[in-house]
Amino acid sequence: MNQDYIKPDNWSIIEEGFDAESVKSSESLFSIGNGAMGQRANFEENYTGETFQGSYIAGIYYPDKTKVGWWKNGYPKYFAKVLNAPNWIGIDIEINDENLDLNNCKEVKNFRRELNMKEGWYNRSFEATLQNGTEIAVNIRRFLCMNLDEVGVINYEITAINKDTKIVFKPYIDAGVTNEDANWEEKFWEPLEVKRNGNAAYVTAQTFKTHFKVTTFMQNTIFVNDKKCDISPSNIKTGTDKIQLSFDVIIAKGQKSSIQK
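Adding 85 to a residue's 1-based position in the sequence shown gives its number in our numbering.
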């Protein structure tokens with residue numbers, strides 16, 4: 086793959102500048118994995134532009150029925166398809182009552198992302214001006230643990246640039262995912278249980294046919310200027326296959342707040 090917008094570096098893959106047409110290809114290039122899990126470089130916050138969400142767990146598959154235009158003897162009845170696993174990275178962001186969406190911002194500048202293959206982390210940063218005039222600086226770091234291969238960590242930090250800012254962090258777990266390449270547009274996951282305890286929550290789902298059972302868990306911690314805050318969710322949305330918690334923070338101009346998920 087020849088991607089001439091990628092900056093040369095000995096250990097890292099680096100992209101500078103936001104280009105909506107490069108989002109899907111960069112999601113592939115900046116993917117991370119630890120042998121047990123894999124994750125495309127999707128944005129944590131909502132993005133209404135073209136994207137392809139992808140979280141994967143090693144060994145979990147589904148026998149997707151073969152679909153061809155003209156059946157011939159010798160075709161397999163099923164293909165073993167690697168499934169899109171429940172989405173664990175999602176963190177919707179609300180800034181002064183407006184959803185953060187890089188596809189709808191007035192301006193996005195100083196956009197940069199790096200996949201550091203020496204130290205094993207993925208980092209994304211940018212400055213954005215929203216439609217309501219609020220200016221923020223955002224820095225996100227993500228990694229998958231090698232020692233505890235079922236653990237992934239996200240640190241999502243926001244700095245208020247031009248005014249006092251109300252931030253609502255909305256982390257979620259979503260098992261209502263699909264595969265873009267599904268032959269028959271079938272749903273592959275059956276939700277079994279959705280539960281929450283304090284700032285933590287989980288969704289348990291099972292694959293149809295192969296009956297792989299997966300529990301996807303999140304624990305959320307809020308910080309203001311690097312100090313841990315004792316904040317409980319202001320709102321909880323629970324569905325059959327998804328749970329989302331909301332954490333409200335107000336920071337002054339120049340201050341920063343972050344969520345660790």
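For every residue, glycine included, the Cβ atom is placed at its ideal position computed from N, Cα and C.
Small disclaimer: the values here were computed from a predicted structure and weren't measured.
Which one or two residues does DSSP pair with M231 in a beta bridge? As a position in the sequence shown, residue 231 is number 146, starting the count at 1. Looking at the DSSP assignment, M231 forms no beta bridge with any residue, so it has no partner.
Could you check what DSSP says for K166 in three-state terms: helix, strand or coil? On the sequence shown, residue 166 is found 81 positions in, with the first residue counted as 1. It is a strand residue.
What are the complete alpha helix (DSSP H) segments, minimum 4 residues, inside the segment 106–146? 108–114
Can you round the beta-carbon distance between I246 and I225 to whole angstroms, since I take them to be within the 8 Å contact cut? Here residue 246 corresponds to residue number 161 of the sequence shown, with the count starting at 1. Here residue 225 corresponds to residue number 140 of the sequence shown, with the count starting at 1. In fact, because the Cβ distance is near 17 Å, the residues do not count as touching under 8 Å.
Applying the criterion that 16 or more other CB atoms from any shown protein chain within 10 Å of the CB defines a buried residue, is T219 buried or exposed? For the purposes of this step, residue 219 is identified with residue 134 of the sequence shown, where counting begins at 1. It counts as buried.
Cutting at 7 Å between CB atoms, please list the residues of its own chain near K248, excluding the five before and the five after it. One-based indexing of the sequence shown puts residue 248 at position 163. Result list for K248: T219 and K338, in chain order.
Beta-carbon proximity list for R197, same chain, < 6 Å, skipping 5 on both sides: If you number the sequence shown from 1, residue 197 lands on position 112. Closer than 6 Å at Cβ, skipping near neighbours: E101 and S210.
Between the segment 247–263 and the segment 163–175, do three or more beta carbon pairs fall short of 8 Å? yes
Would a check of beta-carbon distances place D186 closer than 9 Å to chain C? Annotation note: the requested chain C is absent from the structure, which comprises a single protein chain.
Return yes when the Cβ of F254 is within less than 9 Å of the Cβ of I145, no when it is not. For the purposes of this step, residue 145 is taken as residue 60 along the sequence shown, with counting starting at 1. For the purposes of this step, residue 254 is taken as residue 169 along the sequence shown, with counting starting at 1. For I145 and F254, no; Cβs fall outside 9 Å.
If the criterion is Cβ atoms closer than 9 Å, does the pair I117 and Y207 meet it? Along the sequence shown, one-based indexing puts residue 117 at 32. Along the sequence shown, one-based indexing puts residue 207 at 122. Yes; because the gap between Cβ atoms is below 9 Å, this pair is in contact.
Alpha-carbon spacing of Q340 relative to P161, whole angstroms: Here residue 340 corresponds to residue number 255 of the sequence shown, with the count starting at 1. Here residue 161 corresponds to residue number 76 of the sequence shown, with the count starting at 1. Roughly 59 Å separates the two Cα atoms.
For the beta strand (DSSP E) containing I174, name the first residue and the last one. Start at 1 with the first residue of the sequence shown, and residue 174 comes out as number 89. Neither: I174 is in no beta strand (DSSP E) and is coded neither H nor E.
Rounded C-alpha distance that separates I335 from Y241: What you label residue 335 is simply residue 250 of the sequence shown in a count that begins at 1. What you label residue 241 is simply residue 156 of the sequence shown in a count that begins at 1. If you take the alpha carbons of I335 and Y241, they lie about 16 Å apart.
Are E129 and I176 touching if we call contact CB-CB under 9 Å? One-based indexing of the sequence shown puts residue 129 at position 44. One-based indexing of the sequence shown puts residue 176 at position 91. Going by C-beta atoms, E129 is nearer than 9 Å to I176.
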